[in-house]
């Protein structure tokens, strides 16, 4: 696998759903996919957060409100995608919440449930509801945004770590169940990246010394392309920084 040979001119005319598109990694991905000539459905809990993208990309950007804790909201989004596009080529599960950071003994059950509901249950329902649309694509791709603390759980990361570890398991299960289809399922760990969520978790960290969201997107671009055949793999985005010119 040599992503440096990927010709980005051919990564266009796809229909792509990016959750959490209003900032951070989701915003960087949305802007790049649009720049390359794709159709992007971008979601945020607050649709007004997507206004700047709507103004910048008038033709191919479709903003949608999505509350991953709401079954009604998820099913409404999926219906909108089915009705308008009939198919989906790429699903990027980027949206999530941090939840409480601290010892489990001090955690709130309500907060725990909220985090698991958004970061795991909502993701499950979104994937399940869009499988038919992904099957209409010649090459469907599901990309799960993972986390270092999902792969190597650490103290004080509680519900966030558990939810991300569970998504890693879901990725592997789905990749096996969909092995005979045109859909691939992989996860990407961004690693330390300068995002608002990371700032909330580590307020004293100097974010100028870690990669910016736009730096870590090469592996996402590759997995969204027709050239990617990997399935059930776990990638570290940092391993691919600088391998694509874009």
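Numbering (the numbering used here), first residue to last: 6 to 251. Note that the Cβ used here is the ideal one computed from N, Cα and C, for glycine as well. None of the values given here were measured: they were computed from a predicted structure.
Counted as a single uninterrupted DSSP element, the beta strand (DSSP E) harbouring residue 70 occupies residues 66-70. The C-beta distance from residue 20 to residue 31 rounds to 16 Å, too long to fall under 8 Å, and the pair is not in contact. Residue burial annotation: residue 172 is buried, with at least 16 other C-beta atoms found within 10 angstroms of its C-beta. Taking a C-beta distance under 7 Å as the contact criterion, residue 139 and residue 93 qualify as a contact pair. Distances from the CA of residue 145 to each of 221, 186, 153 were compared; the closest alpha carbon is that of 186. When C-beta atoms of the stretch 32-51 are compared with those of the stretch 69-78, three or more pairs fall below 8 Å, so the two segments count as touching. Between the beta-carbon of residue 37 and that of residue 222 there is about 6 Å, and that keeps the pair under the 8 Å contact cut. A residue is called buried when at least 16 other Cβ atoms come within 10 angstroms of its Cβ; residue 195 meets this threshold and is buried. Contiguous alpha helix (DSSP H) elements confined to the stretch 117-182 occur at 127-140, 153-156, 163-182, taking only those with 4 or more residues. Runs of the alpha helix (DSSP H) lying entirely within the stretch 28-88, each at least 4 residues long, are 29-40, 56-61 in chain order. Looking at the DSSP output, residue 189 sits in a beta bridge with 146. In the DSSP annotation of this structure, the continuous segment of the alpha helix (DSSP H) that includes residue 224 starts and ends at 223-229.
DSSP places residue 236 outside any beta strand (DSSP E), giving it a letter other than H or E.
From the listed residues 176, 227, 183, 124, the smallest Cα separation to residue 192 is found for 176.
In the displayed model, residue 13 falls within a helix according to three-state DSSP. In the three-state reduction of the DSSP assignment, residue 194 falls in the strand class. A contact is defined here as three or more CB-CB pairs under 8 Å, and the stretch 117-137 meets this definition with respect to the stretch 156-169. Listed as beta-bridge partners of residue 24 by DSSP are no residues whatsoever.
Boundaries of the beta strand (DSSP E) around residue 97: 95-98.
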